[in-house]
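> Sharing a structure below in structure tokens format, with a few things to ask.
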Amino acid sequence: MADGTRTPRGETTESRENSLDELTCPVCFELYNEPTALPCGHSFCLVCIETSWESKGEDTGCVCPNCREVFPQKPKLKKNVTIANLVDKIKMKKREVGTYPFVMVWSWNIPHKHEISANEHLLRIIYHVLLFVIHLSKP
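The sequence shown begins at 3 in the working numbering and counts up one residue at a time.
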């Protein structure tokens, strides 16, 4: 995934992946669904942040899952229209393409390309597991 290959628009596959990471909820690891930003600046899916706060109980206040900033009163959450529009564009593009880009698997310094048609979350899990395995296999 992070092989530096250039796309037709001149961006690298690594920069494209980093862009998707910026549009991914840190709670559910999916593209944002009804994105909202907390006063600390971190963004989450509306359902994810509300579920997180409900599971913690109200006596502790509302805490940002990223930076742990405490909000004594529950902040008024509004949809982040800019992020929502970017996510919608990505989802439309994925529907046009139909499959996801191949994953570069590097094992023992020999590249193997595998084309995988799966959801983005699964690809990220596979990618991070492979990085971990490669890290462990190095002397």
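Ideal Cβ placement from N, Cα and C applies to all residues, glycine included.
Would you call residue 46 buried or exposed, if buried means 16 or more other Cβ atoms sit within 10 Å of its Cβ?
Buried is the call here.
> Going by C-alpha to C-alpha distance, which of 29, 91 and 86 sits closest to residue 55?
For residue 55, the nearest C-alpha among the options comes from 29.
> Mind the definition here: the segment 36 to 50 touches the segment 76 to 93 only if three or more C-beta pairs lie below 8 Å; say whether that holds.
Verdict: yes, contact present.
> Taking the alpha carbon of residue 69 as the reference point, which residue from 43, 91, 88 and 52 has its own alpha carbon closest?
For residue 69, the nearest C-alpha among the options comes from 43.
> Using three-state DSSP, classify residue 66 as helix, strand or coil.
Reduced to three states, the DSSP call for residue 66 is coil.
> How far does the alpha helix (DSSP H) with residue 53 in it extend, from its first residue to its last?
First-last of the alpha helix (DSSP H) with residue 53: 48 to 58.
> Quick one: measure Cβ to Cβ for residue 76 and residue 64, integer angstroms, because I've assumed they're closer than 8 Å.
Indeed they touch by this definition, with Cβ atoms about 5 Å apart.
> Whose C-beta lies closer than 8 Å to the C-beta of residue 33 among residues of the same chain, with five residues either side of it excluded?
So the list reads 22, 25, 26, 27, 89, 92, 93 and 122, once near-sequence residues are dropped.
> Residues bridged to residue 33 by DSSP?
DSSP output for residue 33 lists 26 as bridge partner(s).
> Does residue 125 pass the burial test, meaning 16 or more other C-beta atoms within 10 Å, or should it be called exposed?
Residue 125 should be labelled buried.
> Would you mind sorting residue 51 into buried or exposed? The rule is 16 or more other CB atoms within 10 Å of its CB.
Residue 51 should be labelled buried.
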